[in-house]
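Working notes for the structure below.
Number of protein chains: 2
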Amino acid sequence: MSTSRVSKGRYHHGNLAPVLVAEALGLVEAEGVGALSLREVAKRAAVSPTAVYRHFADKNALLMEIAAEGFAALNAAFATVPASAPDERLRCLGEAYVAFALAHPDLYRLMFTAARPSLPPTPRLLEQSGRSLATLTEAVAACRPPDGDTAAVSASTVAAWSLVHGFVLLVLEGPLNHLPPNAMPDVSALLARFTP
Amino acid sequence: MSTSRVSKGRYHHGNLAPVLVAEALGLVEAEGVGALSLREVAKRAAVSPTAVYRHFADKNALLMEIAAEGFAALNAAFATVPASAPDERLRCLGEAYVAFALAHPDLYRLMFTAARPSLPPTPRLLEQSGRSLATLTEAVAACRPPDGDTAAVSASTVAAWSLVHGFVLLVLEGPLNHLPPNAMPDVSALLARFTP
DNA sequence: TCCTAATGTTAACGTAGTCAACATTAGGTT
DNA sequence: AACCTAATGTTGACTACGTTAACATTAGGA
Chain A
1 MSTSRVSKGR
11 YHHGNLAPVL
21 VAEALGLVEA
31 EGVGALSLRE
41 VAKRAAVSPT
51 AVYRHFADKN
61 ALLMEIAAEG
71 FAALNAAFAT
81 VPASAPDERL
91 RCLGEAYVAF
101 ALAHPDLYRL
111 MFTAARPSLP
121 PTPRLLEQSG
131 RSLATLTEAV
141 AACRPPDGDT
151 AAVSASTVAA
161 WSLVHGFVLL
171 VLEGPLNHLP
181 PNAMPDVSAL
191 LARFTP
Chain B
1001 MSTSRVSKGR
1011 YHHGNLAPVL
1021 VAEALGLVEA
1031 EGVGALSLRE
1041 VAKRAAVSPT
1051 AVYRHFADKN
1061 ALLMEIAAEG
1071 FAALNAAFAT
1081 VPASAPDERL
1091 RCLGEAYVAF
1101 ALAHPDLYRL
1111 MFTAARPSLP
1121 PTPRLLEQSG
1131 RSLATLTEAV
1141 AACRPPDGDT
1151 AAVSASTVAA
1161 WSLVHGFVLL
1171 VLEGPLNHLP
1181 PNAMPDVSAL
1191 LARFTP
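See below:
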């Protein structure tokens, strides 16, 4: 019988992979990336440490799934931004982006750090981060003359993303944190100076 | 006698701290931050692993010194940028910044990641990163009307730094790497769109 | 009903950061 | 010149972690 019911002392967990990702994500959000160990994640899922390797090639593979989850959450935040006028929409996307990053600092960092060594990025990570990029690109394109200059749109999109990404990281872990706190500008001022 | 000569089988190394930083820096540049372990650094300095703790509180303290070294190198790169006209100078600083980051990816990442847990930032790290910020701020200020609006200068500086920082990180470890490579714009185009 | 692949466990290895206790020595004090 | 103390380096050990190998269990189709 296909018990979609789970755990309760069973030898087979029945639904491990998603649970591992969820526990890991919770751990990252609560204690930071540094506190995330496979052993701790396994313990929280009430499973032996090495069980993780039946679902993820190594620690980094798990991290990439968490990162994908992060981009999915970012995309969800994007989805709540109303259509409105192109410029207005781009501005709101920017605010949503920065708000998301500042609300989930450790997750945000992980989203841009997970896909480095060992394996290439997970399909799901590629898909979700691709969706983020697509949303941004469309919003930027809508602000420009419809001349179909895709290179210009790309360049403008990269500039926009660079601006918010850099800002967020400078605030989160950059010298802007442990330096005169009078300089920390608000987001609107930053976004206002961007012209697609 | 104050032998400023060093090592050669002596019990006391005589000059350990700077050597440790140098070896660690070399290791980071050659193999990446992940390959840096206290034990390996100590081995390269021909010293027992725990000797490091006589000069640095913990691993992070050593990392902060390396980060400080990184900012010092960045400042050195800044120093080669000629005075010229304000706008021209700011543009050249931006190019130098991006060039430095792309030439030393692991070191660059470390510069913005080292000062997080445990201890507060080292004085030397504060000093060197402060110098970087000061250079940027002055260059931005020179591009603006001399109305003494320090808040506006700060905001503009943060925007400039955000732009290059975000760009560099997106290229180094962001989704811009494992996505259609047609989109990667050059630096000049990015800097051209910034108005102090 | 049985077989196999999927899934989970136990034991163990190697590496790493860190601490405690001990050894050595540099450099000022008497 | 002899001595003392603080600085500096070493040994040994502990804990935690990622990872692998060998074995155990079970789900689900043939």
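In the order they appear, the protein sequences are chains A and B. Using this note's numbering, the letters of the first sequence correspond one by one to residues 1 to 196. Using this note's numbering, the letters of the second sequence correspond one by one to residues 1001 to 1196. Glycine residues also receive a C-beta, built at the ideal position from the N, C-alpha and C atoms.
When you compare the CB of residue i with every CB in chain A, is at least one pair closer than 8 Å?
i	result
A1067/B	no
F1167/B	yes
E1173/B	yes
R1116/B	yes
S1037/B	no
S1129/B	yes
S1188/B	no
V1140/B	no
A1159/B	yes
L1062/B	no
L1107/B	no
Does chain B have any CB closer than 8 Å to the CB of residue i?
i	result
L16/A	no
F56/A	no
R193/A	yes
A112/A	According to the sequence provided, residue 112/A is Phe. The question's Ala does not apply to it. Closer than 8 Å: yes.
S154/A	yes
L163/A	yes
P185/A	yes
L20/A	no
L170/A	yes
L176/A	yes
L119/A	no
L133/A	yes
Given residue i, which residues of its chain have a CB within under 8 Å of its CB, disregarding the five upstream and five downstream residues?
i	result
L136/A	L93, T157, A160, W161
S84/A	C92
A96/A	A77, F78, T80, V81
F1071/B	M1111, L1125, Q1128, S1129, R1131, S1132
Near residue i, which residues of its chain fall below 7 Å by C-beta distance, leaving aside the five closest residues on each side in sequence?
i	result
M64/A	A114, A115, P121, T122, L125
K1059/B	L1038
E69/A	V21, L25
V153/A	T137, V140, A141, R144
L119/A	A57, N60, A61
Please report how far the alpha carbon of residue i lies from the alpha carbon of residue j, in whole angstroms.
i	j	result
E1040/B	P1049/B	8 Å
L1102/B	E1173/B	11 Å
V1171/B	V1164/B	11 Å
S1132/B	V98/A	24 Å
D1186/B	G1148/B	33 Å
V33/A	L107/A	8 Å
P105/A	V81/A	21 Å
L62/A	L191/A	34 Å
F100/A	N1015/B	47 Å
R193/A	A57/A	44 Å
E23/A	A46/A	11 Å
A79/A	A35/A	31 Å
P168/A	H55/A	Here the sequence assigns Val to residue 168/A, which means Pro is not the residue at that position. One C-alpha to the other measures close to 33 Å.
L1176/B	R1010/B	51 Å
D87/A	S1129/B	35 Å
A73/A	T195/A	27 Å
Ignore the nearest five residues each way along the sequence and tell me which others in residue i's own chain have a CB closer than 6 Å to its CB.
i	result
A67/A	L110, M111, A114, L125
A1017/B	H1055
For residue i, verify whether its CB is less than 7 Å away from any heavy atom of the ligand ATP.
i	result
A1115/B	What this structure holds is no ligand at all, so the ligand ATP is not there to describe.
Original post:
Quick one: complete alpha helix (DSSP H) runs, 4+ long, within the segment 1085–1137 of chain B?
Top reply: 1086–1103, 1105–1111
**OP:** Quick one: which unbroken alpha helix (DSSP H) runs of 4-plus residues sit fully inside the segment 1018–1047 of chain B? Chain order, please.
**Re:** 1038–1044
**OP:** Go through the segment 1044–1084 of chain B residue by residue and report every complete run of the alpha helix (DSSP H) that reaches 4 residues or more, in order.
**Re:** 1059–1079
Subject >> Segments assigned alpha helix (DSSP H), at least 4 residues, entirely inside the segment 1136–1183 of chain B >> reply: 1150–1173
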